[in-house]
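Residue numbers (my numbering): 70 to 154.
Glycine included, C-beta positions come from ideal geometry on N, C-alpha and C.
Predicted model, so just to flag it, every value in this text is computed and none were measured.
The structure appears below as structure tokens.
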């Protein structure tokens with residue numbers, strides 16, 4: 070059951086990223102682009118969580134997972150600061 074939850078979380082984050090990128094392409098609002106990059110990183114983090122917990126349970130990859138999440142949120146914060154007026 071936990072495998073399904075991890076996969077659904079990754080799929081939901083990826084779907085959000087795709088919708089945000091589509092909105093950016095249609096409107097050109099740069100905040101949608103930065104948010105899409107953030108959600109793309111969060112989808113990668115969720116996929117890495119699946120690998121960490123299910124595929125390689127004996128190996129602790131939490132530092133790498135959190136680094137991916139930190140990078141994703143850093144991209145969003147950078148975009149918010151960069152586009153502030």
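As assigned by DSSP and simplified to three states, the class of residue i
{"i": "residue 124", "result": "helix"}
{"i": "residue 132", "result": "helix"}
{"i": "residue 153", "result": "coil"}
Endpoints, the alpha helix (DSSP H) within which residue i is located
{"i": "residue 76", "result": "71 to 96"}
Alpha-carbon spacing of residue i relative to residue j, whole angstroms
{"i": "residue 71", "j": "residue 89", "result": "27 Å"}
{"i": "residue 85", "j": "residue 102", "result": "12 Å"}
{"i": "residue 73", "j": "residue 129", "result": "21 Å"}
{"i": "residue 133", "j": "residue 115", "result": "12 Å"}
{"i": "residue 152", "j": "residue 95", "result": "18 Å"}
Whole-number beta carbon distance between residue j and residue i, since they are thought to touch under 8 Å
{"i": "residue 99", "j": "residue 148", "result": "7 Å"}
Segment contact, 8 Å Cβ cut-off, at least three pairs: the region 130 to 145 with the region 107 to 117: yes
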